[in-house]
Each structure stands twice: as C-alpha cells, then as structure tokens.
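Student: As numbered in our numbering, residues 2 to 349 make up the sequence shown, in order.
All C-beta atoms in this analysis are idealised placements derived from N, C-alpha and C, irrespective of residue type, glycine included.
A quick note: this is a predicted structure, and the numbers were derived from the prediction, not measured.
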Amino acid sequence: MERFATLTNTLASVLRKAKARMGALMPQMLAQRIDALIGGLGTLRTTAGQMIPQAIKELDQNLRELQAYVRSGGETTSRVALHRVATGERVITRADEARLVEDGVLPVRSSRGGFKQNPALVKRPEQWEHLYKPEDGYPNLADPARAEGDFHQAVQAYSGKMVNRQLHDGEYFFRAFGEEGVTHGLKIRESWAGGAWWGIGEAPKSAQEWRPPTAVLDEFNRNGFIVTGKVSGVNGPKAVVGTVAEQMGVKLPGQYLPGGATQAFFFLDKPVADQLTALGKRAIAENKPFAWIDPASGMHFEVKPTGWKDVNGIIGYFHTPGPTSVTTARLAEREQATKEHRQVVVLP
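Have a look at this one:
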C-alpha cells in the first residue's frame, strides 16, 4: 500500500511540475485535464486503500482453487461452479470453459481494452457460425433481410458465443429509452419502452453503470427513462443472449464504450410491446413511474424516469465536452417536476 501511495503521489507531483513549468503557455483545456487527473489520483489512492486488501484475499483464494484444479486434472472439489443453461442442455464446467476459450467462442478483449465485436460478414458465415446458429422459435439475427450492408450488425453487437435460451422464472431484464433530442448538434430520435434489445440482470443505478457496459452510444439513445421487467413462471421470452460488444461512435465520432454486460434480443408479444410503449410515452409526458403486470404471461414491469443528469454527451469521450459542446432536450414542465414521484399501478 505504501508503494502504491508513493506511486500516485509521484505521478501527481510530476503533473503539477509540468503544469507549473508551462505556466500561461498551457492551453486551458489541458490545464483542466491535468487538474482532473491529479484529483483522480487522490481518489484512486483513497479507493485503493479500501479495495486492494480485499482483492488480495480474493486472488489468494482463486490461486488456491486453481492449484487444486490443476492437481485434480479437472473441476475442483472446493467449489463446483455450474452455469445456468436451458432445460435439457449439458451443464458446462470450468474444464469445458477452457476448451471454449481455445475454440474462440468466449468473449475476448480488443486492442482498445473492450469486448471485441463478433465477425459478421454476410458472405462469410464460416467466420461466425461457430458463435451463433439461429434456431426455430427464436429471433434470427442472421436473417439476410435484417443485414445492413455487408454485415449482420445484430451479430456484430455481441462478443463471443450467442446462446438461444428462454428467460427463466425470476430473471430480471431492463431497457433504457427516452424522447428525441439533440446531443452535440446531432438529432437523436425517440426510443421506445417496447423494443427488442434488453439488458439482463438488475437495472443499473446510474448513467455510468449503464452506458459503458451496455455500449449504448449517444447516437443510439438519449435515455431519461427505463423499463424493468421480471419473468414469472415458464412464460419467459425466447431470446438470443450473450455479451455486449464494444461500440465506437460513427455519427458522433470520439465516443467509445467497452461493453461487457449481458444482453438479450427478443420480441415481446405485440400487445405487451404496445402496452409498454404506451406506458413509456405516458411516463415521459407525466414524469411519473408506472407499474404493470401482463395478464397473459404474469411478467412484472415498471416504467420510470431515471433522474440521471450526466447521461448524454459526456460518457466515453476522450475529451470531456466543454461549455461550447452542450446537450439539449425539450424543456417542459417535467424538467421542473418534484423528485417525489408517486407510483401509479396500471391494472390489466
């Protein structure tokens, strides 16, 4: 810990000296960036004091298990790690995972540090068929009719193996959406609550928890609202599930998001999708949360404002937008609304 503190103090000292040496010759943006880095080093030093000891303990435990794994020639007896799979499929063990890595079906890191996009050339299916095979009853992400140009962009949005499976009882899923607006001069179209791309697991609690791992670029979605769902019983949607791949901005170049979360592509029944879309529009208009239970499937849904203020035009950019690069949204009564929202339950 002392060495780490010394390192961060040294880096901060070097940055201060560099700033002092350049003085008035230094551009204001660079000076602000250096100040931010110095502050970040201080935060890192404090956080490290809390996290490094725990990380060392976890590393020691993992090394002990790895040692037992190697000696046993297979799965350790200290902890059997089973992965949830669809009914009737064989359970995958760690030994199987090692083979999956060798076969290239598990997500890999790109040179940028994020999760590498799957190959997805329409005319070269041999490059990606080991990662994804369409099945009857599930969305077909390799349908030529869905391709954009030379690529299956939906396949490219995943990193590694894409699994066709039904969402199981008690599983949570979420989707961010919002009204149209302008980010860095680019008009972003409205997005809907009843769409097809969903995150799997508990909903994120902040913009920073949402944008980077789900790799939803500013040009895709302005956010502002989120719909969460929970599967009840055996009527979960049939989905294509996998790891989110990294994304780079095209219409808004300079933004990079690494991915890494778990995502699912599935179609809700039209009445359900229509109801969620309607609730989303109502939530936007009234800036209130709404809850609804689908009478057919028993799935629970909640649509609500996120309240996130730093969600657009900020995250994932190499240069933090300055005062001349602002984001705008339609100003309405909801911008002045109280933070005390009362939930409205919509009965079937």
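Below 7 Å CB to CB, which residues in the same chain sit around Ala143 once its five sequence neighbours on both sides are set aside?
Tutor: Tyr133, Pro135, His153, Val156
Student: Nearest-angstrom Cα distance between Pro306 and Leu38?
Tutor: Rounded to whole angstroms, the separation of the alpha carbons of Leu38 and Pro306 is 32 Å.
Student: Curious, which full-length alpha helix (DSSP H) runs of at least 4 residues does the region 220–261 contain?
Tutor: none
Student: Could you pull the start and end residues of the alpha helix (DSSP H) that Ser14 belongs to?
Tutor: 3–23
Student: Give the single residue among Met52, Trp129, Phe175, Arg283 whose Cα lies nearest to the Cα of Ala204.
Tutor: Phe175
Student: Using the Cβ count rule (16 or more neighbours within 10 Å means buried), how would you classify Val327?
Tutor: Any reading at Val327 needs caution, since the residue's pLDDT is 43, under 50, leaving its predicted position unreliable; the model's value is listed next. Exposed, since its Cβ has fewer than 16 Cβ neighbours within 10 Å.
Student: Sorted by chain position, which residues of the same chain lie with C-beta nearer than 7 Å to Pro214's C-beta, five sequence neighbours on each side aside?
Tutor: Val245, Gly260, Gly261, Ala262
Student: Could you tell me which of Trp129, Gly138, Glu247 sits nearest to Ser112, measuring between CA atoms?
Tutor: Glu247
Student: Under the assumption that Val242 contacts Ala265 (Cβ atoms under 8 Å), give the Cβ distance between them as a whole number of angstroms.
Tutor: 5 Å
Student: Taking only three categories from DSSP, how would you classify Glu287?
Tutor: helix
Student: Go ahead and pull the three-state DSSP assignment for Val183.
Tutor: strand
Student: Quick one, which of Phe267, Lys252, Val251 has its alpha-carbon nearest Gly237's?
Tutor: Selected option, being the one with the closest Cα: Phe267.
Student: Which one of Ala148, Tyr139, Ser160 has the shortest CA to CA distance from Phe116?
Tutor: The candidate whose alpha carbon is nearest that of Phe116 is Ser160.
Student: Do the region 192–211 and the region 288–300 touch if we need at least three Cβ pairs shorter than 8 Å?
Tutor: no
Student: In terms of DSSP beta bridges, what is Pro306 paired with?
Tutor: Paired residue(s): Phe226.
Student: Considering only C-alpha positions, which residue in the set Asp36, Gly317, Lys310, Val164 is nearest to Arg17?
Tutor: Asp36
Student: Mind checking Arg147: buried by the 16 CB within 10 Å criterion, or exposed?
Tutor: exposed
Student: Less than 8 Å between the C-beta atoms of Lys282 and Tyr139, yes or no?
Tutor: no
Student: Which residues in the same chain as Tyr257 place their Cβ atom closer than 6 Å to its Cβ, once the five residues preceding and following it in sequence are excluded?
Tutor: Met249, Gly317
Student: Near Pro126, which residues of its chain fall below 8 Å by C-beta distance, leaving aside the five closest residues on each side in sequence?
Tutor: Ala143
Student: Taking the C-alpha atoms as reference points, what is the distance between Ala286 and Met27?
Tutor: 47 Å
Student: Helix, strand or coil: how does DSSP classify Ile294 here?
Tutor: strand
Student: Along the chain, where does the beta strand (DSSP E) that runs through Gln264 open and close?
Tutor: 263–266
Student: Hey, quick one: how far does the beta strand (DSSP E) through Val164 stretch, first residue to last?
Tutor: Where Val164 is concerned, the enclosing beta strand (DSSP E) stretches over 159–167.
Student: Rounded C-beta distance between Gly179 and Arg212? I'm assuming under 8 Å.
Tutor: Incorrect: roughly 13 Å between the Cβ atoms, too far for contact.
Student: Using DSSP with H/G/I as helix, E/B as strand and the rest coil, what is Ser110?
Tutor: Rather than Ser, the amino acid found at residue 110 in this sequence is Arg. Strand, per DSSP.
Student: Is the distance from the Cβ of Val304 to the Cβ of Leu269 below 8 Å?
Tutor: no
Student: Quick one: residues in its chain with C-beta nearer than 7 Å to the C-beta of Val81, no 5 flanking neighbours on either side, listed in chain order?
Tutor: Confidence at Val81 is low in this model, with a pLDDT of 38, below 50, so the placement of that residue is unreliable and no value is reported for it.
Student: Report the three-state DSSP secondary structure of Leu122 (helix, strand or coil).
Tutor: strand
Student: Alpha carbon to alpha carbon, how far is Gly50 from Glu130?
Tutor: 46 Å
Student: Between the C-alpha atoms of Asp311 and Ile227, what's the straight-line distance to the nearest angstrom?
Tutor: 15 Å
Student: Judging by CA-CA distance, which residue of Ala177, Leu8, Asn10 is the nearest neighbour of Trp199?
Tutor: Looking only at Ala177, Leu8, Asn10, the smallest Cα-Cα distance to Trp199 is reached by Ala177.
Student: State the beta-bridge partners of Ile189 as determined by DSSP.
Tutor: Gly182
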